[in-house]
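S.K.: Right, I'll just put the structure down here and ask away after.
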Amino acid sequence: MPAQRYDVFCKVVDNYGDAGVSWRLARQLVREHDLAVTLWIDALASLAKIAPRVDALRDDQVLAGVRIRMWKEPFAEVELPDVVVEAFGCELPQAYLDAMAAASRPPVWINLEYLSAEPWVESAHGLPSPQPRLPLTRYFFFPGFTPRTGGLLREAGLIEAYEHARSQPAARDVLWKALGIADPSDGIAVSLFCYANHGLTSLFDAWAESDEPILCIVPEGVATAALDAWTGGNVPHAKQSLTRGRLTLATIPFLAQDEYDRLLWHCDVNVVRGEDSFVRAQWTTRPFVWHIYPQADDAHRVKIEEFLRRYEVGLDEEVAQRASRFWLAFNDDQSDAAALAWPAFRAVLPQVSAHGIEWVNRLRKLPDLASELVDFCNDRL
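Under the numbering used here, the first residue of the sequence shown carries the number 1, and numbering increases by one thereafter.
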């Protein structure tokens, strides 16, 4: 029998978060489930940043077994697949919807929702949503942290690869050398992938006055305003660094997904943003901070608090309070909140790291998202 065909649609909103999840899912569906996958994406340049072999000027190409097509209007007439995955409610092209409605057997239509730890997603996961104008049904598929959700993206062998890399001290040295970074053997390494944040300059000051060396690794194009202000316009170029006091700022090229994973593996603390890096940071077991995109009426704060409520189960109360305070301070975007909360958070990093192992052991008992998605769709084909 020919392979089942999946179309994944992605409209880039968060530069790399939407593209990152869609690209990672598409690759796993091909590699582990032998599916024929086409990724329709409206911003090839964003995808090329995390998958450098992508040609941003080619409308139709194949990479890692995934057919990548430029999503543009007017939308091309195509053969319908077995399953359509609409990533993050990106709204399918009208011509494509009309073709689905006219088909004698329409594809299974999935709306892959944003990840949330909020309790309500359990009751919403898998619900059908009949369309008011077309004879079609769309199913809501929610990633999550419990058996009553779709789980998290986790490719086969991920945990084992991380554990192997951590057991090889030379692997960290090789990574630092490839990135042009001096080995922070007597201090801690922090990767910084965040949105604009007014509190960063004060945090940099606190790190510069730290009792230990701190290496802060920043991909090109991230936190540019704060870096420019703190360095007086002397932001290091890629593979260069600047040291002030106990803080060394090292700029690195924007990394492909798999290379970024390795960076997360070898840093002591990871500051992440968007859904893809948020999930990948968790699989490392290392302490991390999620910088969520701010929303009106502080709706983002609820999402952070609900995640922390789940994540901190089993963690010592005082340790959990210190971790939560730093997370919320970093996300409050106030001038000195994160800097003031840092020392208390730094003091409990060993306990948070140990807890990260327990957290991953809980998560790895759940089915991975790609497998859950395939099973869900097979039940409806």
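Each residue gets a CB set at the ideal place from its N, CA and C atoms; glycine is no exception.
Quick caveat: nothing in here was measured; it's all calculated off a predicted structure.
(1) Note down, in chain order, each residue of its chain lying with its Cβ closer than 8 Å to the Cβ of Arg364, except the 5 sequence neighbours on either side.
(2) Which stretch, first to last residue, makes up the alpha helix (DSSP H) that contains Glu32?
(3) I need the straight-line Cα distance from Glu79 to Glu73, nearest angstrom please.
(4) In three-state DSSP terms, what is Arg322?
(5) Between the Cα of Ile217 and the Cα atoms of Ala99, Leu35, Leu263, which residue gives the shortest distance?
(6) Is the beta carbon of Asp261 closer than 7 Å to that of Ile188?
(7) Three-state secondary structure (DSSP) at Thr251?
(8) Select from Asp379, Gln351, Glu372 the residue whose C-alpha is nearest the C-alpha of Leu29.
(9) Starting from Trp109 and walking both ways along the beta strand (DSSP E), at which residues does that stretch end?
(10) Would you grab the beta carbon distance between Leu369 and Leu152 for me? Rounded to a whole angstrom, and I think it's under 8 Å.
(11) Within 10 angstroms of its Cβ, does Lys177 collect 16 or more other Cβ (buried), or is it exposed?
(12) Given this structure, state the Cα-to-Cα distance separating Ser116 from Val21, to the nearest angstrom.
(13) Report back the beta-carbon spacing between Pro284 and Tyr139 to the nearest angstrom; my notes put them in contact at under 8 Å.
(14) I'd like to know whether the C-beta of Gln282 is nearer than 7 Å to at least one C-beta of chain B.
(15) Which partner residues of Arg138 appear in the DSSP bridge assignment?
(16) According to the neighbour-count rule (16 or more other Cβ atoms, all chains shown, within 10 Å of its Cβ), is Val121 buried or exposed?
(17) What are the residues that DSSP puts in a beta bridge with Arg5?
(18) Going by alpha carbons, who is nearest to Gly51 out of Arg27, Glu32, Val37?
(19) Which runs of the alpha helix (DSSP H) at least 4 residues long sit entirely within the region 248-320? Give them in chain order.
(20) Residue ranges of each alpha helix (DSSP H) run of no fewer than 4 residues wholly in the region 46-84, ordered along the chain?
(21) For the region 220-227 against the region 195-202, are there 3 or more C-beta pairs whose distance is under 8 Å?
(22) Nearest-angstrom Cα distance between Thr149 and Leu97?
(23) Leaving out five residues on either side along the sequence, give the residues of the same chain with a beta carbon under 7 Å from the beta carbon of Asp173.
(24) Looking only at C-alpha atoms, which of Pro81, Leu328, Ala64, His291 sits nearest to Phe385?
(25) Less than 8 Å between the CB atoms is what I'm expecting for His291 and Val279, so what's the real figure, rounded?
(26) So Ile357 is in the alpha helix (DSSP H); what residue range does that whole segment cover?
(27) For the 8 Å Cβ check, are there 3 or more pairs between the region 249-256 and the region 200-219?
(28) Going straight from the alpha carbon of Asn234 to that of Leu203, what length do you get?
(29) Would you please state the rounded distance, in angstroms, between the beta carbons of Ala347 and Phe326? I believe it to be under 8 Å.
(30) Based on Cα-Cα distance, which residue from Gln61, Gly65, Ala56 lies nearest to His33?
(31) Check for me: the alpha helix (DSSP H) holding Thr201 runs from which residue to which?
(32) Determine the direct distance from the alpha carbon of Asp316 to that of Val302, and round the result to whole angstroms.
(33) Going by DSSP in three states, Cys377 sits in which element: helix, strand or coil?
(34) Based on the DSSP secondary-structure assignment, which residues constitute the bridge partners of Val121?
(35) What residues in its chain sit with their C-beta under 8 Å from that of Leu127, if we drop five residues either side in the sequence?
(36) Measure how close the beta-carbons of Ala19 and Leu47 come, nearest whole angstrom, since I'm counting them as under 8 Å.
M.R.: So, to answer that:
(1) Arg154, Ile159
(2) 17-33
(3) 17 Å
(4) helix
(5) Leu263
(6) no
(7) strand
(8) Glu372
(9) 108-112
(10) 6 Å
(11) exposed
(12) 14 Å
(13) The residue you asked about is not Pro; residue 284 is Thr in the sequence shown. Contact flag wrong, Cβ pair sits at about 31 Å.
(14) Given the protein chain composition of this structure (a single chain), no chain B is represented.
(15) Trp109, Ser129
(16) buried
(17) Ala36
(18) Here residue 51 turns out to be Ala, not Gly, going by the sequence shown. Residue Arg27 is the option with its Cα nearest to Ala51.
(19) 257-266, 274-283, 299-311
(20) none
(21) yes
(22) 27 Å
(23) Asp183
(24) Past the edges of the chain, shown from 1 to 381, lies residue 385, and the structure says nothing about it.
(25) About 14 Å; that fails the 8 Å criterion.
(26) 349-363
(27) yes
(28) 18 Å
(29) Not quite, the Cβ-Cβ distance comes to about 11 Å (not below 8 Å), so this is no contact.
(30) Gly65
(31) 200-208
(32) 22 Å
(33) helix
(34) Per DSSP, none; premise fails for Val121.
(35) Tyr139, Phe140
(36) 5 Å
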